[in-house]
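If you read the sequences in order, they're chains A, B, C and D.
Heads up, the first sequence is in this note's numbering, so the first residue is 1 and it goes up one at a time.
Heads up, the second sequence is in this note's numbering, so the first residue is 1001 and it goes up one at a time.
Heads up, the third sequence is in this note's numbering, so the first residue is 2001 and it goes up one at a time.
Heads up, the fourth sequence is in this note's numbering, so the first residue is 3001 and it goes up one at a time.
For glycine and all other residues, C-beta sits at the position ideal for the given N, C-alpha and C.
Right, one structure below, let's go through it.
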Amino acid sequence: MLNQVMFFLFGAMIVIFSLLTVTSRKILRAAVFLLFVLISTAGLYFALNYNFLAAVQLTVYAGGIVVLIIFSILLTSHVSERAVMAPLKQSLLSALATVAGATLTLMTILRFTFVPSSAADPHFNITDVGNALVSYNRDGYALPFEVVSVLLLAAMIGAIVVAKKEKMLKK
Amino acid sequence: MADYTYTLLIPLIPLFMFLLLGLTGHKMKPVVSGLIGTSGLGIGAILAYATAIRYFWTGHVAGTSYASIKAFEVSWLHLTEKLTIHLGVLIDPISVMMLVVITTVSLMVHIYSIGYMKGDPGFYRFFSFLSLFSFSMLGLVLATNIFQMYIFWELVGVSSFLLIGYYYEKPSAVAASKKAFIVTRFADLGFLIGILMLSFNTGTYDFQTLTDPHGPAIASLGGAAFMGMSVLTWSLIFIFVGGAGKSAMFPFHIWLPDAMEGPTPVSALIHAATMVVAGVYLVARLFPVYALAAPDALHVVAWIGGFSSIFAAVIACTQTDIKRVLAFSTMSQIGYMMLSLGVSGFGGEEGLGFMASNFHLFTHAMFKALLFLGAGAVIHAVHSNEIKDMGNLRKYLPITHITFLIACLTIAGIPPFSGFFSKDEILVAAFHSNKILFAIEYIVAGLTAFYMFRLYYGIFWGKKTHYHHTPHESPLVMTIPLMILAFGSVFAGFLPFHNLVTSDGIGFESHIDWMIAIPSVLIGVIGIAIATVMYKNESAIPDKIAATFKHLYNWAHRKFYMDEVYLFVTRKIIFRYISDPIAWFDRHIVDGTMNGIAGMTVYAAYAIKGLQSGKLQQYAYVFVGGTVILVLIFVYLT
Amino acid sequence: MNILNLFIVIPILTVVGIVLTKDLKQSRLVSAIGMGVQMILSFILVYLYLKERATGNTAAMLFTYDALWFPTLNIHYSLGVDGISVAMIALTGIVVFAGIFASWKVTYLPREFFISLIILASGVFGFFISVDLFTMFLFYELAVIPMYLLIGIWGSGPKEYSAMKLTLMLMAGSAMLMVGILGIYFFSSPDHTHLTFNLLEISKIRIPIQMQRFLFQFTFIGFGILGALFPFHTWSPDGHASAPTAVSMLHAGVLMKLGGYGAFRVAIFLMPEAAHEQAWIFLILTSVSVVYGAFSAAVQNDLKYINAYSSVSHCGLVLFAVLMMNQTAMNGAIVQMISHGLMTALFFALIGMIYGRTHTRIIQEMGGLMKVIPFLGVVYVIAGLASLGLPGFSGFVAEMIIFTGAFQHVDVFHRVITIVAASSIVITAVYILRVVGLLLMGPIKNDHFLHLDDAKWYERISTITLVLAITAIGVAPFWLTNMINFSLAPIVEKLSAIQITSLF
Amino acid sequence: MIQNIPLSYYLIISTLMFFIGIYGFLTRRNLITMLMSVELILNSVNINFVAFNRYLYPQQLQGHFFMLIVVAVAAAEAAVAIAIIINIYRNFKSIDVENVDEMKY
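Right, dumping it as structure tokens:
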């Protein structure tokens, strides 16, 4: 029962704050709404009993990316600045396409009956996840892990190079 | 059988002269080039006379028919299994007769031209063209097959074109030469179609095979019928169209009067004596086929000839340019010859018309060349073509006067001049065949006498005209040809043509039918008398008559507006309503379509380019929309 | 070394030679020598060919040379000639040689000009000696592409437009052609195992009729575009009008013949059944070309346009005769190709020379030129008379063979349409005489024209070469027709083996 | 525990979030807010991965790792994107997407 309450609460929060994120006229406020969305998502993960994921969600997303975004907002625009909204025609057309897409997807989802696994609740802990992450056995994820590391490294270097000032580039 | 291979030289010598003069003439002295050309023709004439004498008399066994001999033949172009174009020399009565006519007149014209063209900057060019013409004409008459004839037919046309346009700086001459070539070319298309049809149906070009009365051509006279006449008849009519074009028969006659823009000796040679009778020669050449296999085609020939003769005679009465009068007279006389062929039958007495036609061709060549050369002498003296600029010239040009008078009497059919005999035979032939045509010919005889004497009086008698400088008689080099031709005009009538040139090569007895001859002479005399009254001295009668029959006079004077009709057809219809629209169509519709395709490509490129707007959200929108639509299609609509 | 290889090698050597030269004088000398050798070589080829035939060699192709080039697709570099291609090669040799002399005074980028011109020529030579469809197509493209540069750079008037138009339309033709050739390739073996591009091998099998119907249209129209088939001819007037003299000569004289030759060699030879079925459509189109081109020419005022439309008319006659599909008419088609090639090259050479003097090509602005430039005038008249079919020149021979041959057709439709096509000889006379009358005769309209120079020696070489060739064919056509006939016989035999179903 | 809530509920939420993100991407003019929309989209996908893992294959860890990798990629993407946005801001003095349309034709 509590479970359901929690789910609906988080679900409602996700939808509402998502909407606010994309419609808010103040950019900083939109970023905060985004933060709420991400936190609510973490809540959903908790509800699913995936604590590690929820933690990652909170630290990386809510803690890292949103902060990054807020920084950049502060760098590029004034706090009180109100965002320019798309013209009505564009909004309507986008809404039309979006609603159509959503309807289509939802119809598809609802027509399909998912049969949940009857297996017992998992009882693995973070250790298992950590082991799998660096394991190079059959069920190991060492390779994706390494790839992602390289990607992050590349992104880091790339971001620095791109964001660097012209002056520095010339040297 | 006698060997006639040497006759090959008769056309080849002028060809050689043409090349010699054409390539090196500009380096020669004018007189030298003239003499070279003349000497070439002289040799040709001697060979032609020798051939004629051998063929008709010394080499001929009395009492046998005149055979047609292929003196020389090479295969030139192999077309199909059956059809091969040969080039060769065919010797038979009419070709030998034509050899004599052509070489004689051509030689006279060459000699005459040395005087007439003196001082002209294009002297050598003139003589090389004359040689080219002589070559072509000789090749035409000696042709062994119809295709060879067509080849030379075209060459003759081109030399005529070159000679009419000899004064190429004169726009009227250029126009006339173009007209002559194109009109005859149009007729030649008919000739070509005729040849194609004929050869398709008979499988041969060869004259001997074609005209053999028992040969395959005449035997296969049936063939598929088209519009009530056999294909053979149609092909012969088409061939006659070609002949009508060259011979200036109605309605292809319009080029002939304009062709008088050429130098007068050219008019004498080409447009009076030789080339214009090529049509007659063509019909005569194929005569057995016409007579035996396609009498309908022969009727067409007769009626076209008859109509042309009276049509031209009426016009000739009103013309004021002396060369044009002669041109229409030529057309009228050729109409006579055509008619005569048209009313003729084949073989023996039946073939009287055939004989008469060739006889008249022969005599006509003499007296018409004489008339033209005489007119040339007159023009040479007064530097004008118009009758109104002449008058009373008999004192200044005595030799020209006498020879011209002889020619006029000859053409009027007064005995004992040669015209009387040949014309009489034609009248007899017409009388036995078709009374209407016969009546027409009587009228034409009268008209001929009238307009010729109108011309004669207009030039040599009539009003006292004042000349800026006194006209003087032409030099001997011009008058001698006149005298020789006058001699021919007087005595050619006594040649026994009925023994020599007949439809089947066998001679027959012919005598003058006085019941027909006397009225015809009378009519001629009446014509002369009227002309004498009206034109001998200045008189108001002609103007009065012209005023009385104003419309008729105007119509005749304007040549029954045939030129205008043609102009209308060419300028208006062909150029304005066919060529111009086609050119427009090509530039705008066909090319427009092509350009349109190109334009559409460019337009489409621009349109597609517009999609690439750089607007990120537009791309995203298209992406999303596209995905949605694809999902819709693949998940729900299939 | 096979003599045919030389036809490719010599142009390459010449091009290399031109690259090494420094200026106009040297480069034109090298080109003239190279193409002179090429011309002599083509005459030697004619001689060798006749000699070989005289010894009784009756193979379809002589002097064959074959090298496997691209094994995966079985593409060969395969050469060989028969009487038809020998004749076309001789034509090309003469026209190219004359073309070099006609462009004696190209001052702008002369080396590049001569290089492009010779590459073009080598493409044409290569096309005529190829037996393999692929190499044939390759050479075809090699001949078409330099045209763009030649017109676009050295042309006059709206040259970019014309070059673009010409190239695009010909490329469209190439595209269709490529579809056709690939189609033929994929059906070149009944069991789809040994696919080949070799003409002779393909001719031995029978391509399925359904495919033929489809491929014939592609190949015939593809070649037809180059052969100025109505309504795909409009590149011709614009292209010729803008092209420099030598290019017009080569293009009208030789390149357009690729169309006729290809239509005959590829479309009809390989797909005879479809050819018989569909001939009537193209016969109508070509006879329209013939008459329509002539009528259009009659009202043009630009000398080059007149000649371009005249080419449309004459080349229409080539395709017309090819479609008649009997020995005589096809023979006539080939003679007509050669004859028209020479005549039109002569015409374009003369037009270029006259234009170089008067700086106008509008006939109304000229007049009486015969008096000032008699040599060019006389040659122009000769060219005109040859073009309107005067006996003694090649045009007459070609036309007469075509008309006689076409009229021998058993079908009435074919005979009627022959008469329609034959009527063009009258219209031809009209426009030729119109030009001659306005251009050469009459009074001189412009005082500047009083002091024009007559032809220079190099111009005389160019024109006299062509006049001699025209006259030679006109006076003695038999050696040419015999040579062609021998090679035509097996082809016609193949064609006539097919049951002809009359359309009407 | 999870039996009370069907899998499709999670999917509905993630779908809505996904399309809201798309809507944002299509309508927001500010590049940073567009980036935020992208984060929404990525997040919605994560929910899917996790939910599927939990409901259909609770014994396995694929969903986990996908989610983790996506997060990592999202972080990288955000870093690079913000670098680019800052660079754009430096060059255009604006981060309005309408102004950044040089890359065309």
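Cβ pair residue i, residue j closer than 7 Å
i: GLY2036 (chain C); j: PHE2114 (chain C); result: no
i: MET2176 (chain C); j: GLY2222 (chain C); result: yes
i: ILE2151 (chain C); j: ALA2243 (chain C); result: yes
i: SER1309 (chain B); j: GLY1279 (chain B); result: no
i: PHE2347 (chain C); j: GLY2474 (chain C); result: no
i: TYR1055 (chain B); j: VAL1096 (chain B); result: yes
i: SER1329 (chain B); j: ILE1406 (chain B); result: no
i: TYR2305 (chain C); j: GLY2293 (chain C); result: no
i: ALA102 (chain A); j: THR3015 (chain D); result: yes
i: PHE1127 (chain B); j: LEU1021 (chain B); result: yes
i: LEU2488 (chain C); j: MET2330 (chain C); result: yes
i: PHE71 (chain A); j: LEU44 (chain A); result: no
Cβ neighbour criterion (16 or more within 10 Å) applied to residue i
i: ALA12 (chain A); result: exposed
i: TRP2154 (chain C); result: buried
i: MET2366 (chain C); result: buried
i: VAL1624 (chain B); result: buried
i: LYS183 (chain A); result: There is simply no residue 183 (chain A) to check, as chain A begins at 1 and stops at 171 in what is shown.
i: ILE2040 (chain C); result: exposed
i: PHE2007 (chain C); result: buried
i: VAL1105 (chain B); result: buried
Minimum Cβ-Cβ distance from residue i to chain D less than 7 Å
i: VAL1624 (chain B); result: yes
i: PRO144 (chain A); result: yes
i: GLN1618 (chain B); result: no
i: PRO116 (chain A); result: yes
i: ALA55 (chain A); result: no
Host alpha helix (DSSP H) of residue i (start-end)
i: ILE3085 (chain D); result: 3062-3092
i: TRP2154 (chain C); result: 2133-2154
i: ALA2067 (chain C); result: That residue, ALA2067 (chain C), is in no alpha helix (DSSP H); its beta strand (DSSP E) goes 2062-2070.
i: TYR2261 (chain C); result: 2256-2262
i: PHE1421 (chain B); result: 1418-1433
i: VAL161 (chain A); result: 142-163
i: PHE2128 (chain C); result: 2110-2129
i: GLY1335 (chain B); result: 1322-1343
Member of the options whose CA lies at the smallest distance from the CA of residue i
i: ARG2460 (chain C); options: C:SER2387, C:ILE2402 and C:TYR2380; result: C:TYR2380
i: ALA2172 (chain C); options: C:LEU2029, C:THR2219, C:PHE2197 and C:PRO2374; result: C:THR2219
i: PRO1093 (chain B); options: B:ALA1365, B:LYS1435 and B:ALA1067; result: B:ALA1067
i: ALA2386 (chain C); options: C:PHE2007, C:SER2078 and C:ALA2472; result: C:ALA2472
i: ASP1389 (chain B); options: B:PHE1460, B:TYR1049 and B:LEU1427; result: B:PHE1460
i: VAL3070 (chain D); options: A:ILE160, A:LEU151 and A:ALA159; result: A:LEU151
i: ILE2427 (chain C); options: B:ILE1574, B:ILE1013 and B:VAL1533; result: B:ILE1574
Within-7 Å CB hit, residue i to chain B
i: ALA2489 (chain C); result: no
i: ALA31 (chain A); result: no
i: VAL2124 (chain C); result: no
Residue-level contact to chain A via CB, residue i, 7 Å cutoff
i: LEU3026 (chain D); result: yes
i: ILE3084 (chain D); result: yes
Where the beta strand (DSSP E) containing residue i begins and where it ends
i: ILE1091 (chain B); result: 1084-1091
i: PHE1072 (chain B); result: 1069-1078
Within-7 Å CB hit, residue i to chain C
i: ILE1151 (chain B); result: yes
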